[in-house]
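In my numbering, the protein residues as written are 194 to 312. Cβ atoms here follow ideal geometry from the backbone N, Cα and C, with glycine treated the same way. Report on one structure; see the data block that follows.
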């Protein structure tokens, strides 16, 4: 509670730096500092609420948060994989067509046909 920013149930509270310096100087001089009773009760109530959250609820929330990003990554992987397989098949068909026509093809010519290679 003695900070510039703390959060209780999505509500941010805190003290200014000047207030914290005054409190710090008072504590160094031996003066007592008392917290607001309502604020302390509210903070304790919120801490108990946070402690009461079960691991199952946390697991369900984790799955909800990660479901969409994982699906997007899987979709991207599938699309990239499908495109790569299609490119390889296209190149192998190109090589087979050259061999069927009776043209001699050197290995470096075959490798140069892959679209992802930089010439």
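| Asked | Found |
| --- | --- |
| Close Cβ partners of residue 242 (< 7 angstroms) along its chain, the five nearest in sequence each way excluded | none |
| Reduced DSSP category for residue 231 - H, G, I as helix; E, B as strand; rest coil | helix |
| Check whether residue 219 and residue 207 have beta carbons under 7 angstroms apart | no |
| Secondary structure of residue 246, DSSP reduced to three states | coil |
| C-alpha gap between residue 209 and residue 228, whole angstroms | 15 angstroms |
| Rounded separation between residue 250 and residue 196 - CA only | 30 angstroms |
| Own chain, CB closer than 8 angstroms to residue 205, minus 5 neighbours either side, in chain order | 198 and 199 |
| Host beta strand (DSSP E) of residue 206 (start-end) | 204–206 |
| First and last residue of the uninterrupted alpha helix (DSSP H) at residue 212 | 210–221 |
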